[in-house]
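Number of protein chains: 2
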Amino acid sequence: MATYNAPLADIEFVIKNLIRFEDVASLPAFVDYEMDQDFVVSVLEEAGKFASGVIAPNRENGDRIGSQMVDGKVVLAPNYTENFKQMGEAGWYSISMPVEYGGQGLPELINTCANEMWTAADMAFSLWPLLSAGAALAIEAHASEELKNTYLPNMLNGVWSGTMNLTEPQSGSDLATIKTKAVPEGDAYRISGQKIYITYGDHEGTENVIHLVLARIEGAPEGTGGISLFIVPKFLVNADGTLGERNDLHCVSIEHKMGIHGSPTCVMQYGDNGGALGYLVGQENRGLMAMFTMMNEARLKVGLQGLGISEAAYQQALYYAKERVQGKSAEGGKAAIIKHPDVKRMLMTMKSLNEAARALAIVESIGIDIANHHTDKEVASKAQKRVDLMIPIIKAWITEIGQEVTSLGVQIHGGMGYIEETGVAPLYRDMRITAIYEGTNGIQAADLVGRKVGGDAGETMFSIIAEMEATHVALAESDSLAAKKAHEIMGHAIGGLKFTTQTVLEKLKDAPQQALLASFPYLMQCGYVMGGWHMARSLLAAESLLAAGDSNPALQAKVHSARFYIEHVLPRAHGLANSVVNSDDDILTMADEMF
Amino acid sequence: MATYNAPLADIEFVIKNLIRFEDVASLPAFVDYEMDQDFVVSVLEEAGKFASGVIAPNRENGDRIGSQMVDGKVVLAPNYTENFKQMGEAGWYSISMPVEYGGQGLPELINTCANEMWTAADMAFSLWPLLSAGAALAIEAHASEELKNTYLPNMLNGVWSGTMNLTEPQSGSDLATIKTKAVPEGDAYRISGQKIYITYGDHEGTENVIHLVLARIEGAPEGTGGISLFIVPKFLVNADGTLGERNDLHCVSIEHKMGIHGSPTCVMQYGDNGGALGYLVGQENRGLMAMFTMMNEARLKVGLQGLGISEAAYQQALYYAKERVQGKSAEGGKAAIIKHPDVKRMLMTMKSLNEAARALAIVESIGIDIANHHTDKEVASKAQKRVDLMIPIIKAWITEIGQEVTSLGVQIHGGMGYIEETGVAPLYRDMRITAIYEGTNGIQAADLVGRKVGGDAGETMFSIIAEMEATHVALAESDSLAAKKAHEIMGHAIGGLKFTTQTVLEKLKDAPQQALLASFPYLMQCGYVMGGWHMARSLLAAESLLAAGDSNPALQAKVHSARFYIEHVLPRAHGLANSVVNSDDDILTMADEMF
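Protein chains in written order, with my numbering: chain W, 2 to 596; chain D, 2 to 596.
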């Protein structure tokens with residue numbers, strides 16, 4: 002099996018060529034670090050070592066042995082507990098959390114790049130620190146100073162871990178129908194109800210598990226406006242910080258899933274014996290808003306999961322394609338299968354999609370840093386709007402193309418790909434959840450079209466399209482043949498996106514159900530065109546460095562992958578645009594019996 | 002979980018509207034049956050009952066318990082043995098085999114439709130009768146009368162079963178390097194070597210297992226021209242038909258696969274104790290040719306597997322979409338998720354792809370009957386050429402779109418789709434093998450472009466395109482708006498296919514490696530455009546029946562699915578055409594280190 006290597010060269014290319022690094026480095030929160038790009042790369046080099054050296058060797062255990070329920074207790078996969086502790090101690094999952102609560106205080110940009118690596122190394126494991134960091138982030142943003150001081154330090158150093166409790170059997174994509182109850186008792190609340198799909202909902206891997214639970218305070222209004230957010234610890238925390246009694250909650254069962262076997266997905270029961278003690282985070286009835294503030298980060302991370310698994314699949318497939326001898330080369334001799342044109346096509350499809358996804362995610366991640374830390378409110382708010390628009394695209398597009406990339410990873414292995422021990426089938430199974438959780442990709446599309454594009458009448462989207470048009474002009478000014486061809490193809494792609502954006506805006510006004518019907522192909526079109534935009538920028542940057550005498554072999558490789566993306570992948574946008582335009586009332590008004 | 006129902010209404014629509022049934026019914030082999038379309042439908046109705054009533058209820062056992070190796074013996078999943086016996090007794094897997102050896106003597110057309118059902122009911126089980134029928138077919142076509150009489154009757158009635166032994170560890174897609182040895186001994190041969198990926202290679206489910214084994218007779222030339230085909234029975238057969246000694250072969254181990262758990266995939270060892278007795282089928286050194294004659298049938302069946310699983314996934318997803326209440330309808334009330342536009346989009350994508358695939362497979366299956374049975378050699382040979390061209394498209398396109406269809410089936414279930422017990426995840430895992438075995442889809446594409454399109458300088462392909470153009474004209478003559486729109490979209494699609502076919506032919510002459518690079522997108526383009534062609538024909542047929550007063554609700558449903566396919570799915574062909582045209586030397590000449 003191939004050893005996972007963090008894609009540092011490509012990350013470095015993006016950080017040095019596709020973003021304005023000073024936009025982040027000059028933020029007051031980071032200016033004292035005097036960061037440069039090489040600093041970022043050196044931090045990520047260490048992250049890569051941790052991912053490859055500590056997490057990845059255990060991936061197979063995670064999948065094959067998995068986490069199991071034994072005698073009513075959740076037993077985690079071998080080495081998971083030790084690795085989580087080590088990761089917390091090293092500060093790897095608190096990279097972008099504030100220093101005052103034990104975080105590293107570094108930009109989200111770095112956290113973004115590192116998250117790709119954790120997933121690539123072992124997605125099922127990586128969900129544990131991811132959820133812990135997510136829960137900590139919600140507490141940091143909304144809880145009282147007392148709660149923050151009580152919970153955050155141990156949640157960020159690997160001693161405790163955290164979970165998110167949203168879903169109930171009747172409340173999946175639609176949280177308005179949540180029934181879990183909270184009854185006031187002194188300064189606290191008694192929580193009772195059932196939550197499902199709780200990732201790392203229970204286990205013996207940390208001393209305490211801190212649950213964030215959405216519940217409805219007795220007498221609260223129905224719908225989303227009556228939901229509050231609570232901290233519900235597995236063990237109550239005494240005033241001196243030591244652990245007290247066991248709280249009234251337990252794991253009923255864990256799910257038998259297609260993948261991410263190392264991650265226990267729990268059914269959690271609260272309050273069977275009078276109610277679990279919970280502490281309100283933020284304001285009453287504003288729980289969903291509190292959750293939403295961290296949703297962008299969570300959805301970005303799921304997009305990065307798509308990328309991380311895709312990168313792992315690419316590396317495995319490439320390794321196999323160089324090793325496996327089968328058939329003859331064009332010259333007639335024995336050939337490793339990488340010599341066969343169709344295998345090259347598959348590898349380049351994987352590679353170029355991964356690079357486009359990586360560029361897109363990293364470029365947009367700095368918007369989170371700017372939105373969180375810029376002192377000019379207007380700049381911060383503009384950055385926030387762009388992040389809000391881009392997040393559903395990053396989450397859904399990357400996890401969709403990731404299904405294709407991992408599938409190609411299986412395909413390149415031939416029959417071996419279908420055998421579990423080869424190690425690529427588990428990636429394919431793990432990947433499948435990313436299109437579903439943290440808001441299905443259909444929900445992302447509805448959010449993109451309805452709230453985001455519709456929310457400002459297309460203003461933010463058109464401002465991004467204007468940036469693409471600037472790249473389009475730059476392509477025309479280059480005299481390389483590849484850039485000229487890219488100019489032509491990008492021209493069609495950008496024109497198509499302008500047109501469908503207008504179409505979607507019109508539908509939102511006149512026929513909103515049609516806009517929803519068009520939303521998924523529109524989102525995918527956005528993803529492909531934006532990926533093409535960054536690959537075109539990459540092409541220009543690489544060609545100009547090469548022309549200036551830079552002999553880094555990664556630059557020539559980038560010219561190839563950019564060309565491949567633009568000439569072979571980007572043309573898919575055309576079909577998607579047609580689907581957007583053709584979204585009319587035909588199937589919307591069709592009787593259910595016609596299906 | 003949804004109960005599987007054979008899609009009889011859609012099959013009936015295809016048989017009555019998209020093929021000239023008399024082309025089959027009038028063949029001398031079938032003329033005595035005085036078949037009409039209703040006869041076919043009534044046979045298929047019984048097949049559907051067997052699939053739903055006997056095979057399907059056991060699918061979960063097949064996946065969850067699976068077939069296992071216990072104390073050196075392969076133990077099949079519960080009920081598999083009983084069901085195989087019953088299926089053989091009923092004659093369900095010998096539908097199109099000759100009556101003289103115990104077959105039913107019916108057209109391949111019927112067998113094609115039935116095969117979709119067996120897979121939909123339980124793919125892992127269905128491989129057993131499929132491989133048995135395939136082995137029987139090879140014997141029927143090439144073996145001596147004595148061997149036929151000895152082996153065929155028991156192989157076709159469920160008493161014995163059959164296998165195909167091609168692959169060896171070093172010989173996967175490329176069979177030229179096969180090492181298994183055959184040493185003459187009297188009238189027979191002693192076989193020794195190892196074969197891998199042998200489906201139902203060993204088990205106690207039938208009294209005997211008849212292996213067809215590719216091996217190299219001592220002294221035979223190297224390469225594909227030195228490979229012969231042998232019958233190697235697990236138990237030797239005495240002159241009186243009773244079973245004799247155990248032959249020198251055994252199953253070493255079975256594979257741990259991502260799916261089709263019910264089907265034991267064996268490593269078979271021949272000749273550890275002096276050599277297994279084998280009997281030559283057909284001529285020395287012509288074994289690969291003998292295998293090739295049955296490859297079209299086998300590849301068609303794998304295409305049908307893609308369709309069968311896709312249909313099962315569609316039925317499950319539709320059932321769930323009607324049951325699951327989540328979110329609000331456009332009118333504001335509680336809504337089953339089928340009311341949400343994006344869920345409708347997913348269901349219609351699944352449904353319309355399935356219908357296009359079914360039409361394509363059934364329409365082309367009659368070519369096999371004509372090629373096998375027409376008395377006019379020229380008609381038979383023309384039909385054979387068309388079958389040869391269409392088979393790689395049917396195999397690869399249907400199994401590729403099938404990955405998407407089953408994935409959408411998972412997606413519609415949301416989080417439930419990822420839970421194994423829901424029953425759709427197993428379909429997704431089972432489906433993945435279809436793109437790999439019986440010649441990977443990359444091999445199919447190379448075959449299509451190199452041997453088939455290139456083999457007659459595009460003559461057969463252009464003759465099919467000419468038929469599409471006739472449909473294109475008919476669309477213009479209809480006065481429905483749907484047909485007018487279809488006329489426009491099909492016009493682009495057909496024009497694109499003409500252009501890329503020309504492009505591929507030119508590349509074959511001037512730059513064959515570029516033709517191979519273009520082969521997979523070209524194959525996919527063929528599939529989408531041909532699927533569009535049959536959906537356009539379906540649209541015209543349904544509209545004309547409706548206009549004539551036919552009130553069958555399936556007709557209105559067909560208008561919807563045809564429109565959806567043409568307006569939302571078919572435009573994908575454009576991107577694929579671009580990829581074909583853009584296949585140049587850039588990545589072909591790129592150094593391996595650039596990956």
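Glycine is no exception: its CB is placed at the ideal position from the N, C-alpha and C atoms.
Problem set entry | Beta carbon proximity, R430 (chain W) to chain D, threshold 9 Å | As a first step, residue 430 (chain W) must be located in the first sequence, where it is residue number 429. R430 (chain W) counts as touching chain D.
For this session: Would you list, in chain order, the members of the stretch 508 to 540 of chain D that have their beta-carbon closer than 7 Å to a beta-carbon of chain W?
Result: Of all residues in the stretch 508 to 540 of chain D, those with a C-beta nearer than 7 Å to a C-beta of chain W are Q514, L517, L518, S520, F521, reading in chain order.
Problem set entry | Min CB distance K345 (chain W) to chain D below 9 Å | Locating residue 345 (chain W) in the first sequence gives position 344, counting from the first residue. Output row for K345 (chain W): interface = yes.
For this session: Mind checking who M165 (chain W) pairs with in its DSSP beta bridge?
Result: Translated into positions along the first sequence, residue 165 (chain W) becomes position 164. Bridge partners of M165 (chain W): W:L213.
Exercise. Can the beta-carbon of A446 (chain D) be found closer than 9 Å to that of F521 (chain D)?
Worked result: If you number the second sequence from 1, residue 446 (chain D) lands on position 445. If you number the second sequence from 1, residue 521 (chain D) lands on position 520. Against a cut-off of 9 Å, the Cβ pair of F521 (chain D) and A446 (chain D) comes out as a contact.
For this session: Establish whether the CB of P554 (chain W) and some CB of chain D are separated by less than 9 Å.
Result: Here the question's residue 554 (chain W) lines up with position 553 in the first sequence. At least one chain D Cβ lies under 9 Å of P554 (chain W).
For this session: Could you tell me the boundaries of the alpha helix (DSSP H) in which E23 (chain W) lies?
Result: Taking the first sequence and counting its residues from 1, one reaches residue 23 (chain W) at position 22. First-last of the alpha helix (DSSP H) with E23 (chain W): 23 to 26.
For this session: Note the first and the last residue of the continuous alpha helix (DSSP H) segment covering R346 (chain D).
Result: Translated into the one-based positions of the second sequence, residue 346 (chain D) becomes position 345. Judged by DSSP secondary structure, R346 (chain D) falls within the alpha helix (DSSP H) whose first and last residues are 342 to 374.
For this session: Rank D:S68, D:Y529, D:P427 by C-alpha distance to the C-alpha of M259 (chain W) and give the top, closest one.
Result: Taking the first residue of the first sequence as position 1, residue 259 (chain W) is located at position 258. Among D:S68, D:Y529, D:P427, the Cα nearest to that of M259 (chain W) belongs to D:P427.
For this session: May I have the straight-line CA-CA distance separating L449 (chain D) from T502 (chain W), to the nearest angstrom?
Result: Mapped onto the second sequence, residue 449 (chain D) falls at position 448. Mapped onto the first sequence, residue 502 (chain W) falls at position 501. Computed Cα separation, rounded: 39 Å.
Problem set entry | Alpha-carbon to alpha-carbon, G415 (chain W) and A578 (chain D) | For this step, residue 578 (chain D) is matched to residue 577 along the second sequence. For this step, residue 415 (chain W) is matched to residue 414 along the first sequence. The alpha-carbon atoms of A578 (chain D) and G415 (chain W) are separated by roughly 26 Å.
Exercise. With a cut-off of 9 Å, does the C-beta of G163 (chain D) fall near any C-beta of chain W?
Worked result: The residue given as residue 163 (chain D) occupies position 162 in the second sequence. By this cut-off, G163 (chain D) is not an interface position.
Exercise. With burial defined as no fewer than 16 other Cβ atoms inside 10 Å of the residue's Cβ, what is the status of S43 (chain D): buried or exposed?
Worked result: Locating residue 43 (chain D) in the second sequence gives position 42, counting from the first residue. Label assigned to S43 (chain D): exposed.
For this session: Report yes if the CB atom of I197 (chain D) is closer than 9 Å to the CB atom of V100 (chain D), and no otherwise.
Result: Translated into positions along the second sequence, residue 197 (chain D) becomes position 196. Translated into positions along the second sequence, residue 100 (chain D) becomes position 99. No; because the gap between Cβ atoms is not below 9 Å, this pair is not in contact.
Exercise. Apart from the five residues on each side of it in sequence, which residues of its chain come closer than 6 Å, Cβ to Cβ, to V303 (chain W)?
Worked result: For this step, residue 303 (chain W) is matched to residue 302 along the first sequence. Closer than 6 Å at Cβ, skipping near neighbours: K396, T435, E439.
For this session: Just mark A548 (chain D) as buried or exposed, buried being the case when its beta carbon has 16 or more other beta carbons within 10 Å.
Result: Numbered from its first residue, the second sequence carries residue 548 (chain D) at position 547. With fewer than 16 other Cβ atoms within 10 Å, it is exposed.
For this session: Output, in sequence order along the chain, the residues in the stretch 255 to 273 of chain W whose CB is closer than 9 Å to any CB in chain D.
Result: E256, H257, K258, M259, G260, I261, T266
Problem set entry | Short Cβ contact (9 Å threshold) for T350 (chain D) with E312 (chain D) | The residue labelled residue 350 (chain D) in the question sits at position 349 within the second sequence. The residue labelled residue 312 (chain D) in the question sits at position 311 within the second sequence. No, the Cβ-Cβ distance between T350 (chain D) and E312 (chain D) is not below 9 Å.
For this session: For the beta strand (DSSP E) holding E186 (chain W), just list the boundary residues, first then last.
Result: Numbered from 1 along the first sequence, position 185 holds the residue referred to as residue 186 (chain W). Annotation for E186 (chain W): the continuous beta strand (DSSP E) segment containing it runs 182 to 186.
For this session: Please decide whether E356 (chain W) counts as near chain D, where near means a Cβ-Cβ distance under 9 Å.
Result: Start at 1 with the first residue of the first sequence, and residue 356 (chain W) comes out as number 355. So no, E356 (chain W) is outside the interface.
Problem set entry | For I490 (chain W), the three-state DSSP class (helix, strand or coil) | The residue given as residue 490 (chain W) occupies position 489 in the first sequence. Correct three-state label for I490 (chain W): helix.
Problem set entry | Beta carbon proximity, D448 (chain W) to chain D, threshold 9 Å | For the purposes of this step, residue 448 (chain W) is taken as the residue at position 447 of the first sequence. Output row for D448 (chain W): interface = no.
Exercise. If A183 (chain D) and A216 (chain D) are in contact, beta carbons under 8 Å, what's the gap, nearest whole angstrom?
Worked result: Along the second sequence, read from residue 1 onward, the residue named residue 183 (chain D) stands at position 182. Along the second sequence, read from residue 1 onward, the residue named residue 216 (chain D) stands at position 215. Their Cβ separation, rounded to whole angstroms, is 4 Å, which keeps A183 (chain D) and A216 (chain D) in contact under 8 Å.
Problem set entry | Contact the stretch 118 to 137 of chain D vs the stretch 44 to 64 of chain D: 3+ CB pairs below 8 Å | yes
Problem set entry | Any beta strand (DSSP E) of 3 or more consecutive residues that is wholly inside the stretch 196 to 241 of chain W | 209 to 218, 229 to 234, 236 to 238
For this session: Tell me, please, whether the CB atom of P99 (chain D) is closer than 9 Å to any CB atom in chain W?
Result: For this step, residue 99 (chain D) is matched to residue 98 along the second sequence. By this cut-off, P99 (chain D) is not an interface position.
Exercise. Should L482 (chain W) be labelled buried (16 or more other beta-carbon atoms within 10 Å of its own) or exposed?
Worked result: Within the first sequence, the letter at position 481 stands for residue 482 (chain W). Its Cβ having fewer than 16 others within 10 Å, L482 (chain W) is exposed.
Problem set entry | Three-state class that DSSP yields for I192 (chain W) in the structure shown | Position 191 of the first sequence, counted from the start, is the residue given in the question as residue 192 (chain W). Assigned with DSSP and collapsed to three states, I192 (chain W) falls in strand.
For this session: Can you give me, in chain order, the residues of the stretch 568 to 583 of chain W that have a beta carbon less than 7 Å from any beta carbon in chain D?
Result: E568, H569, P572, R573, H575, G576, N579, S580, N583
Problem set entry | Distance CB(L301 (chain W))-CB(E365 (chain W)) smaller than 9 Å | The sequence position of residue 301 (chain W) within the first sequence is 300, counting from 1. The sequence position of residue 365 (chain W) within the first sequence is 364, counting from 1. Yes, Cβ-Cβ distance for L301 (chain W) and E365 (chain W) is below 9 Å.
Problem set entry | Start-end ranges of the alpha helix (DSSP H) lying completely within the stretch 484 to 564 of chain W, minimum 4 residues | 513 to 548
Problem set entry | Amino acids of chain D, ordered along the chain, whose beta-carbon sits closer than 8 Å to that of L319 (chain W) | The count along the first sequence starts at 1 and reaches residue 319 (chain W) at position 318. Per Cβ cutoff of 8 Å: F596.
For this session: State yes or no: is the C-beta of N84 (chain W) within less than 9 Å of the C-beta of I66 (chain W)?
Result: Translated into positions along the first sequence, residue 84 (chain W) becomes position 83. Translated into positions along the first sequence, residue 66 (chain W) becomes position 65. Their beta carbons are not under 9 Å apart, which means N84 (chain W) does not touch I66 (chain W) by this criterion.
Exercise. Looking at chain W, which residues of the stretch 217 to 229 of chain D have a Cβ within less than 8 Å of any of its Cβ atoms?
Worked result: none
Problem set entry | Those runs of the beta strand (DSSP E) which lie wholly inside the stretch 67 to 152 of chain D and span at least 3 residues | 69 to 71, 74 to 76
Problem set entry | Classification of K74 (chain D) by the beta-carbon crowding that lies within 10 angstroms, buried from 16 upward | Reading the second sequence from its first residue, position 73 is the one you call residue 74 (chain D). K74 (chain D) comes out exposed.
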